[in-house]
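Chains as they are written, first to last, in the numbering used here: chain A, 1 to 222; chain B, 223 to 1196.
For glycine and all other residues, C-beta sits at the position ideal for the given N, C-alpha and C.
Working notes for the structure below.
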Amino acid sequence: MSSADTSDDAGQFSTTKFAILWAFLVVLGYCAMVSYSFDGLVGPAVSVRSPAATNCSALVSCRPNELTLITFLHPQCPCSTATVSELTTLLSKKNLASNLKAYAVISRPSSCSDDFVQGAIYDSVASIKGVEVVIDRGDLESQRFGAKVSGQTLLFDGQGKCLFSGGITSARGEVGANAGALALGQQVIGNHAEITTANTNTINTTNITATPVFGCSLESSH
Amino acid sequence: MNTEEPEETKAFGWGDKRALLLNTPLAETIYRRERLLVYRQTDRMFGWLMIMQWVASILVAMVVSPYSWAGREYFIHPHIYFVTLLGSVLTVFPVYLAFRHAGEPITRFVIAVSQMLYSGMLIHLTGGRIETHFHIFGSLAFLSFYRDWRVLVVASLVTMLDHFIRGYFIPESIYGVALASPWRSVEHVWWVLFEDVFLISAGIRSLSVMIASANKQAELESSGKRVENLVKERTWQLDASENRYRVLCETAPLGIFQAAADGRCIYINQRFAEIFGLTYKDALDNGWNHVIAPEHLELVTSAWLKAVSATGIFDLQFRISTRELCWVHSKASRVVAGDGVETYVGTIEDVTDMVMAEQERMVRDQVQARMAAIVEHSNDAIVGTSLQGTILSWNPAAERLFGWSSAEVLERPKAEVLPGVRPEAEIALFKSILAGEKVGEFESTRVCKDGRVIDVALTCSLVLDSQGQSVGLSIIYRDISQRKQVEKRLSEFYSTISHELRSPLTSIRGALSLIDDQIIDMGSAECYEMIAVARTSSERLVRLINDILDIKKIEAGKLELKLEKASTILLVTRAIGDMEGLARASNIRLLADTDFDYTVEVDVDRIIQVLINLISNAVKFSVEGSCVVVGVQPRPDGDVRFSVSDQGVGIPAHLQSRLFQRFQQIDSSDTRPKEGTGLGLALSKAIVEEHRGIIGVYSSSSTGSTFWFDLPTVDSDGQLASLPAVSASSILLVEDDDIIAQFMRLSFLKQGYRMVRVANLTDAFKILDQSRPGLILLDLNLPDGNGLDILAYLKENFPNEDVPVIVTTGVDLDKVSLASPVILDCFLKPYDMGLLIKAVEKVIVSAPTRRILLIEDDQATRLVIGKQLTAIGATCMEVTNGLEALNVIDTFTPDLIILDVCLPKLDGFDVINILQKGPFALVPLLVYSAQDLNETDRRKLSLGLTRYLDKGRISPQEFVSCVQELLGHFKVGG
């Protein structure tokens, strides 16, 4: 066997090992990526406190006989643009409940100026008709409602009962039909019929009151 | 992979049926090479694309979602990490393969898998955005660049699995929705397959094109290879040829050159310069025009220009001037280069030795050819023999001389073929010759084939080869039989001539001695008899000498004829007249047989000389009492024949052919009965032939001999061709009877009268229209009228000129009819000629004395001529040279000049030349000289009416007659 053959065999062997390693890394990377994408706050917001309990705030008023829709947004969260988009879609529907009052609470940490709030999220949400933008200075509102992740949307009825708590995107930054948005839609439209998606997939949203929230944390680490 | 072939083998190791469509192994190789190239190029393209794709993904992620927030705090967004890390995983390995193992199957399959997974990552990170789904289609499109359906299949399988798995378990990851129908994955897969169909079919078509291209390229490469090999081979051959020619050019003994059309040298070899005696640089820079020999420069230039303008070929031999006696031969041909430029390639060869050798060979060949021609055409027999006497060559003259053909004698002994009479003596001579002694011509005899013995003169010499060794003998035989005969005849002639000379001289001397010694009394009858003997003998001597001189003149080709028209009767009459004395002395009668008169253009003196010769011979060989007839008869061919017939014993037939040869006499012995030199007939023959006539003889012992000669006539009717003019000194004879007219003419001619005869009135009128004679002798009965009509004609036309007339008629007329003042007398035929002549003499009036200037240096001749002129009543002034003549001529004013040509001081030519320019240019002249005068001399020696007489050739009577004619009178001083 010549040295060239030896070299070829060595090369072939090396390439094979590289290929195996590469396949392993690919799988690992895919798993990590998928895992992260779906690593949102799942389930009802345990810590969410009803406005009644909190007696609402000065900024967000919860009135009887009204549906109060509150969406917490981090102004710099890239994933929340999908939430704003879904919110816009929702609120643009014609047969919305007439007593729906929507708030978009824009987080402004205490050490930040109001400029921190300005950006694409703010502009987008401010342009939604029927949404009152609230600057949550010091994150008082989010803390009062127990919201921790940007994109978390809450729906209260006139009695302060939380009808829905969760995200209205299917994953981080994912725009499209998702259980949260559909469930919320049913709540605000007042029609519990099944919603047929464009892709003809049917999602039964009757009993959905909480969905995972995909977005940036509204709370600082310290 | 160290070699390309294993890589290709590896690349196609799992089979490519399309290779079966390839025509040749080369096409398959090309096809595989092209495919490998495509693989490699596409691998590298994907290498770069994936890097860019990775970088772009990171940048987009950094732009779209740079940070992940937690309240006021922010962190690098995990997407960036994913794009960076997972993207690197999906990028680095295939990129490594693309650049490290480009073209290998694993590379493109890893790339396909990675690219599809990358699409899946992007789909996931963008939340299933449709734009990122199109990344799949784009990736497939790029992967189709491989033109390998397997790659597309693998990629499609990866993406299909991805769609089915993620679509089923985590649809949000791939479709962005939490809930997705399985049909959605089917739909996506269907679109992928849809694209695959087109991409694969396009790839197949592309492969077909590649195959066709490979086949074509294989053909091209194959033919290109062949052409390349051919070019290589040809190049090698060309190089070899060029080397060969270069070596040949440098070592060739020829000068080789290449020149432009203007003669400028482009290339020369060393030998070229050496031949021209030039340095290489000089020859190349300045060419060779300046070394051409001047006498050949124009020739060379002309030949070169001709080659350039037309033929394209220059081929010339010429001499050059740089080396003495150097000849060169140059040949060149036109060569047209690919760019159309014409040059001339040729050689120069030093051919001096060859030219010299050729010239020597030509000279030698010419000499040999001349020698061969000499031998071949020699009149002498030339025989070549070996040293042993065997005949080796035999020329045509030998065949003619000895009668043997060359085929009969070659290789035979000479002694056997040509036996000699004195063989012992000749053998001794041949031995002397073989011993190297010089032996001159010697005479001997040889026996011919027919047995004849001939006299020959032999010249024998040794034949030497190129080494100077004797190889044979050359013998020249000359036939000397005729010479021997001539020598014999000459011997006889000299014997005869000595006799002929001595005899009259003896008579003259004896006769004069008798008178001078007063043995006989002066004035006695014996004295006159002796004088007559001396005169006859001297005339005989004159004839003999004249004959000898004439023969020599004829032999020298200097016989000039003084042609003039003459009457045949006149010629015969004069000849007979001259020979009457001899005939009378021999008791022979001379008769004229001339019925008609003809005109011939001859030298009268020469023809009379011929007639005299013939008559003399006839008289000499006739018996006493017989007669000799001199006749003139017409010939059927228009000629006129003069004949002299005798009644002698005749001439034997076998001797007749020798009669006209020189020095020939029938009897040449000393005891022959008749005198003669044997020159007469030979001279007569020469004179007749000079007149374009022929001469002959017929003879028999019973009737005698007739010598004849034919001469051409001027016209054939027997009349004068043109009418002569008459003058006051002439007699016009009007007579239709030819015999009477001839008789009268001869009679009056003897009396010195000049007579012109016409036979009818018409001719008479014509003559009278031109001139008037001194007298008319008139016959009355003429063919065209009465002769008396002339009287009326003269009276009418020339009333003031009375021409006297004497009538001769055969009719007795009355006096009345002849009553005319101009008719002086009338004679009735037959009349007495003497009375008629006397009547004529009464008519002619005496003329005044004529003055003659005689220019003659010889005293005796002057004395004789003076006496002759005095005898006819002329006054003669004698001078001895030309200068004296010129001195006296003005005072003497001659009526005639008699001139000798050879004169002291001024000769006859000078005298006449002077006189021709003065007042005596028209004076009659008689040139009387012993010198032979040609036509040129005669033209120079002419004044007025001029006659030429040869001294010694004419008789005194002829001389006097000529003088009288020139003086213009019948009789001077009456």
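Contact residues of the stretch 291–303 of chain B toward chain A are Trp291, Ala292, Gly293, Arg294, Glu295, Tyr296, His299 and Pro300 (C-beta to C-beta distance below 7 Å). Under a 10 Å Cβ-count criterion, tryptophan 270 (chain B) is classified as exposed, with fewer than 16 other Cβ atoms of the shown protein chains found around its own Cβ. Secondary structure at valine 133 (chain A): strand, using DSSP grouped into helix, strand and coil.
From the listed residues B:Ala1107, B:Ala495, B:Thr1158 and B:Gln1153, the smallest Cα separation to leucine 1137 (chain B) is found for B:Ala1107.
Per DSSP, the beta-bridge partners of aspartate 677 (chain B) are B:Thr667. As DSSP reads the structure, methionine 977 (chain B) sits in a beta bridge with B:Ile953.
Interface flag for asparagine 207 (chain A) against chain B is unset, since no Cβ pair is found closer than 8 Å.
Nearest Cα to isoleucine 698 (chain B) within the set B:Arg634, B:Ile613 and B:His721: B:Ile613. Per DSSP, the beta bridge partners of phenylalanine 864 (chain B) are B:Val854 and B:Phe931. Taking C-alpha positions only, lysine 653 (chain B) is separated from alanine 637 (chain B) by approximately 14 Å. In this structure, alanine 334 (chain B) lies near valine 373 (chain B), with their beta-carbon atoms less than 8 Å apart. Along the stretch 105–133 of chain A, the positions whose C-beta sits under 9 Å from a C-beta of chain B are Ser107, Arg108, Pro109, Ser110, Ser111, Cys112 and Phe116, read in chain order. Given a length threshold of 4 residues, each whole run of the alpha helix (DSSP H) inside the stretch 722–790 of chain B is given here in chain order: 747–777. If you look at arginine 1073 (chain B), you'll find it in the beta strand (DSSP E) that goes 1073–1077.
In the displayed model, threonine 574 (chain B) falls within a helix according to three-state DSSP. The closest CA to that of serine 608 (chain B), considering only B:Val585, B:Leu656 and B:Val577, is found on B:Leu656. Taking glycine 1007 (chain B) as reference, the option from B:Phe359, B:Asp985 and B:Ser993 with the minimal CA-CA separation is B:Asp985.
For the stretch 70–97 of chain A, the beta-carbon criterion of a distance under 8 Å to any beta-carbon of chain B is satisfied by His74, Gln76, Cys77, Pro78, Cys79 and Ala82. Among the residues facing chain B, tyrosine 36 (chain A) is included, as its CB has a counterpart in that chain under 8 Å away. Nearest in C-alpha terms to leucine 1075 (chain B), of all of B:Phe931, B:Val1185 and B:Arg556, is B:Val1185.
Taking the Cα positions, arginine 586 (chain B) is about 12 Å away from methionine 578 (chain B). Nearest CB-CB separation between threonine 15 (chain A) and chain B: below the 8 Å threshold. Taking 8 Å as the cut-off, the beta carbon of valine 513 (chain B) is found no closer than this to the beta carbon of threonine 473 (chain B). Per the DSSP secondary-structure output, leucine 1148 (chain B) pairs in a beta bridge with B:Ile1120 and B:Arg1169. Taking 8 Å as the cut-off, the Cβ atoms of threonine 1031 (chain B) and leucine 1050 (chain B) count as close. DSSP places threonine 607 (chain B) in the uninterrupted beta strand (DSSP E) bounded by 603–608. For methionine 1099 (chain B), the pairing in a beta bridge is given by DSSP as B:Leu1075. Residues of the same chain with a CB within less than 6 Å of the CB of isoleucine 776 (chain B), apart from the 5 flanking positions on each side, are Ala908 in chain order. Three or more beta-carbon pairs separated by less than 8 Å are not found between the stretch 109–127 of chain A and the stretch 181–191 of chain A, which leaves the two stretches without contact. Looking only at B:Ser1177, B:Pro874 and B:Ile1120, the smallest Cα-Cα distance to proline 1146 (chain B) is reached by B:Ile1120. For tyrosine 1015 (chain B), there is no enclosing beta strand (DSSP E); the enclosing alpha helix (DSSP H) has its first and last residue at 1011–1019.
For a cut-off of 8 Å, the C-beta gap from threonine 381 (chain B) to serine 341 (chain B) is around 7 Å, short enough to register as a contact. At a cut-off of 8 Å, the C-beta of isoleucine 358 (chain B) has no neighbouring C-beta in chain A.
Per DSSP, threonine 81 (chain A) is one residue of the alpha helix (DSSP H) stretching across 80–91. When Cβ-Cβ separations below 8 Å define contact, phenylalanine 315 (chain B) makes contact with chain A.
Scanning B:Met272, B:Thr306 and B:Thr718 for the CA closest to the CA of proline 288 (chain B) turns up B:Thr306.
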